[in-house]
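**Q** Take 394 as the starting number for the sequence shown in our numbering and just add one per residue. Right, I'll just put the structure down here and ask away after.
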Amino acid sequence: TKTISKCYVQVTGMTCASCVANIERNLRREDGIHSILVALMAGKAEVRYNPAVIHPSAIAELIRELGFGATVMENCGEGDGILELVVRGMTCASCVHKIESTLMKTNGVLYCSVALATNKAHIKYDPEAVGPRDIIQVIKDLGFTTSLVKKDRSASHLDHKQEIRQWKRSFVVSLVFCIPVMGLMVYMMVMDSQLSAAHAHHNMSSEEMEALHSSMVLEYQLLPGLSVMNFLSFLLCVPVQVFGGWHFYIQASRALRHKTANMDVLVVLATSIAFLYSFVILLVAMAERAKVNPVTFFDTPPMLFVFISLGRWLEHVAKGKTSEALARLISLQATEATIVTLGPDNVLLSEEQVDVELVQRGDIVKVVPGGKFPVDGRVIEGHSMVDESLITGEAMPVTKKPGNTVIAGSINQNGSLLISATHVGADTTLSQIVKLVEEAQTSKAPIQQFADKLSGYFVPFIVAVSVVTLFAWIIIGFVDFEIVEKYFLGYNKSLSSAEVIVRFAFQASITVLCIACPCSLGLA
């Protein structure tokens with residue numbers, strides 16, 4: 394039988410469902426990986442793998458290669474105790490050997506590895522037979538000092554503040570430059586409609602017509618072929634393309650390197666082509682000293698970036714809210730516990746403050762009034778009222794007397810209690826609730842899996858459609874030039890028909906790209 398282990402990898406940089414699909418699809422292909430489940434909200438991947446073939450660090454590396462951040466989460470073991478210790482005072486390899494061999498002889502220790510370079514010890518043990526404090530004591534008896542590797546209890550990996558800041562900045566930059574561009578566009582539209590109305594009436598004197606034309610300040614040519622409108626649009630578009638689109642470019646390049654296409658690729662493709670096409674057309678117009686100003690797409694990138702960065706910003710704010718609930722749950726956990734040693738007739742002999750992770754099954758824990766219960770347990774001595782509302786939702790405090798059970802995270806109110814620990818670490822009610830909430834966020838609705846699958850085909854499909862559009866119009870144009878003439882208004886009559894056709898075909902295909910770009914599927 395193959396042994397199957399399970400590890401958790403913390404994944405950062407996932408933005409939407411297609412990122413999740415991308416990771417799952419690529420990792421399933423790898424040897425030694427049985428299944429993978431990725432939680433977008435919790436930023437966590439649960440991987441079942443064959444340890445003979447692949448290691449968790451290799452799994453994290455595979456995810457990193459896809460362009461996401463990934464670290465193996467050590468503290469998500471299934472409660473067959475895993476202990477990470479910092480050991481000080483080791484000088485050479487024989488110290489390492491001494492610690493390892495002594496620990497392996499200790500009853501209940503399943504596995505132990507000590508690294509001299511990092512001063513860390515990694516120990517797997519059977520919580521039924523031995524506890525973390527016993528192990529620490531063994532190492533101390535050998536003459537070394539040791540302490541727990543501090544776990545990150547703040548749930549900082551659920552924090553989306555940095556991404557919220559990043560997208561907000563991106564949105565604000567794009568917006569600042571987008572508003573003038575939109576203003577210019579609206580102004581041009583109004584002016585155009587006035588002009589066409591004037592043309593329609595034909596009853597204006599030629600002087601009035603001239604006046605109207607010259608009032609179109611934006612159409613005034615700074616250089617032959619370069620109008621004020623196009624020049625301003627170009628100036629406003631460059632900063633957006635660089636600063637607003639920075640993150641998109643990074644993500645898109647990573648995706649392309651791995652031959653996958655995601656939303657970022659579409660955004661980058663559409664905006665870059667619109668920008669470069671407009672830029673080239675302007676240069677051509679200036680070279681030709683064109684009388685009619687070319688139609689440019691400089692308005693596309695700023696507006697696209699505004700909508701998409703707004704979408705991403707809102708998305709991260711929403712994710713932050715959901716994750717906040719998890720972070721709050723995690724923050725209910727106590728960090729320290731007071732362990733006491735009892736003599737005959739329950740006389741207190743000694744007490745010490747220890748880290749919650751060091752509480753073992755069967756330990757006697759003292760909880761003072763106002764203190765939180767660090768672990769689930771049974772009351773041995775004392776009477777008190779306990780506020781369990783944050784677990785059960787019950788507003789009234791519950792009476793506790795010897796024999797009653799208490800829940801980790803609830804608050805002791807008026808009397809001091811001694812409890813015997815029954816569930817510790819990952820087995821406490823609170824840890825299980827946190828785990829359930831995380832799993833609820835991990836599991837996907839069937840419709841969502843379907844959408845993930847579609848989004849993988851969406852990008853190549855759109856690119857294909859726009860290429861087809863390009864060639865279709867070129868063919869139509871050469872077969873029947875009248876059709877192109879009908880739709881392509883205001884083109885320069887001095888151009889050859891072939892040039893007009895190619896320009897129009899490009900315009901059509903870029904329009905397809907730009908419109909299909911923000912991938913309504915992804916945003917939805």
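Backbone N, C-alpha and C define an ideal beta-carbon position, used for all residues, glycine too.
Would DSSP call alanine 522 helix, strand or coil?
**A** Coil.
**Q** Restricting to Cα atoms, I'd like to know which of Asp756, Ser782, Gln746 and Gly796 is closest to glycine 775.
**A** It is Gly796.
**Q** Can the beta-carbon of alanine 663 be found less than 8 Å from the beta-carbon of leucine 863?
**A** Going by C-beta atoms, alanine 663 is not nearer than 8 Å to leucine 863.
**Q** By the 10 Å Cβ neighbour count, where 16 or more other Cβ atoms means buried, how is phenylalanine 564 classified, buried or exposed?
**A** Label assigned to phenylalanine 564: buried.
**Q** When you compare the CB positions of aspartate 408 and valine 479, do they come within less than 8 Å of one another, or not?
**A** Note on residue identity: the sequence assigns threonine, not aspartate, to residue 408. Not a contact, by the Cβ cut-off of 8 Å.
**Q** Just confirm the distance between the C-beta atoms of leucine 751 and arginine 481, as a whole number of angstroms; I'd bet it's less than 8 Å.
**A** In fact, because the Cβ distance is near 17 Å, the residues do not count as touching under 8 Å.
**Q** Does aspartate 748 come out as helix, strand or coil in the three-state DSSP assignment?
**A** DSSP places aspartate 748 in strand when its eight states are reduced to three.
**Q** Given this structure, state the Cα-to-Cα distance separating serine 428 from histidine 448, to the nearest angstrom.
**A** Spanning the two alpha carbons is a distance of roughly 14 Å.
**Q** Give the secondary structure of methionine 466 by DSSP, where H, G and I count as helix, E and B as strand, and everything else as coil.
**A** Correct three-state label for methionine 466: strand.
**Q** Would asparagine 805 pass as a contact of glycine 764 if the rule is Cβ separation under 8 Å?
**A** Yes, they are a contact pair.
**Q** From serine 398 to valine 440, what distance separates their C-alpha atoms?
**A** Rounded to the nearest angstrom, the two C-alpha atoms are 8 Å apart.
**Q** By how many angstroms is the C-alpha of serine 743 removed from the C-alpha of valine 710?
**A** The alpha-carbon atoms of valine 710 and serine 743 are separated by roughly 49 Å.
**Q** What are the start and end residues of the alpha helix (DSSP H) that includes arginine 492?
**A** For the record, residue 492 in the displayed sequence is isoleucine; it is not arginine. That run of the alpha helix (DSSP H) goes 486-498.
**Q** Can you grab the Cα-Cα spacing for the pair methionine 575 / isoleucine 701, in whole Å?
**A** C-alpha separation (whole angstroms): 16 Å.
**Q** Taking the C-alpha atoms as reference points, what is the distance between arginine 771 and isoleucine 812?
**A** Spanning the two alpha carbons is a distance of roughly 5 Å.
**Q** By Cβ distance, which residues of its chain are closer than 8 Å to glutamate 471, with the 5 residues on each side in sequence left out?
**A** Note that glutamate 471 has pLDDT 49, beneath the 50 cutoff, so the model's placement of it is unreliable and the number below is only indicative. The residues are Lys399 and Ala819.
**Q** Counting along the chain, where does the beta strand (DSSP E) carrying tyrosine 442 start and finish?
**A** Per DSSP, tyrosine 442 belongs to the beta strand (DSSP E) from 437-442.
**Q** Does the pairing of the segment 567-584 with the segment 616-635 give three or more beta-carbon distances under 8 Å?
**A** As far as the Cβ criterion goes, the segment 567-584 touches the segment 616-635, which means the pair count is three or higher.
**Q** Beta carbon of glycine 425, beta carbon of phenylalanine 461: below 8 Å?
**A** No.
**Q** Going by C-alpha distance, which of Leu823, His640 and Tyr642 is nearest isoleucine 723?
**A** Comparing Cα positions, the closest option is Leu823.
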